[in-house]
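Heads up: the sequence shown begins at 11 in my numbering, then just goes up one per residue.
Glycine included, C-beta positions come from ideal geometry on N, C-alpha and C.
Here the structure comes first, spelled out in structure tokens, and everything after it is commentary.
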Amino acid sequence: MKGFRGIEIKTAGPFLTAVDTTKYPDYLKIVSEPMDFAKIERKLKSDRYGSIDEFSADVHLIFSNCHKYNSDPVEGADIRAMATNLRNYFVELCNEKLGPLDGM
11 MKGFRGIEIK
21 TAGPFLTAVD
31 TTKYPDYLKI
41 VSEPMDFAKI
51 ERKLKSDRYG
61 SIDEFSADVH
71 LIFSNCHKYN
81 SDPVEGADIR
91 AMATNLRNYF
101 VELCNEKLGP
111 LDGM
């Protein structure tokens with residue numbers, strides 16, 4: 011995923027597309043509202059966001075879903091760290107470009 015100024019965001023990989031429920035069959039039992047960056051992109055292109063806060067909420071949903079599904083302190087640590095780092099990058103970028111948003 012290319013970030014601000016074309017910087018490659020290597021930690022974004024797991025969040026770019028929907029979770030493969032054939033590999034993770036229990037995912038939808040744990041996560042009630044799946045979200046990924048491809049879905050966000052589709053919503054952006056079809057003008058389905060009424061505000062920047064709605065967009066931000068979907069981005070944060072990606073990270074909260076990750077933490078919820080990968081709650082095991084050992085097995086889920088790496089992907090939770092990736093989500094946290096990407097969330098921090100998103101918050102930093104939004105604060106720099108837009109000012110603080112609701113819920114950040």
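For T94, name the three-state secondary structure that DSSP assigns. Residue state, collapsed to three classes: helix.
Residue-chain proximity (D82, chain C), Cβ-Cβ < 8 Å: The chain labelled as chain C is not found in the depicted structure, where only one protein chain is given.
Beta-carbon separation of K38 and T27 under 8 Å? Before going on, a small fix: residue 38 reads as Leu here, not Lys. Contact flag unset, no.
Whole angstroms are fine: how far does the CA of F25 sit from the CA of F47? Going by C-alpha positions, F47 is about 6 Å away from F25.
Where T21 falls: helix, strand or coil (DSSP): helix
A91 to S66 span [Cα, whole Å]: 19 Å
Roughly how many angstroms lie between the CA atoms of P44 and K53, to the nearest whole one? 14 Å
Give the straight-line distance between the Cα atoms of L71 and V84, rounded to the nearest whole angstrom. Each residue's alpha carbon lies about 22 Å from the other.
Can you tell me whether A22 is buried or exposed? The criterion is at least 16 other CB atoms within 10 Å of its CB, across all chains shown. buried
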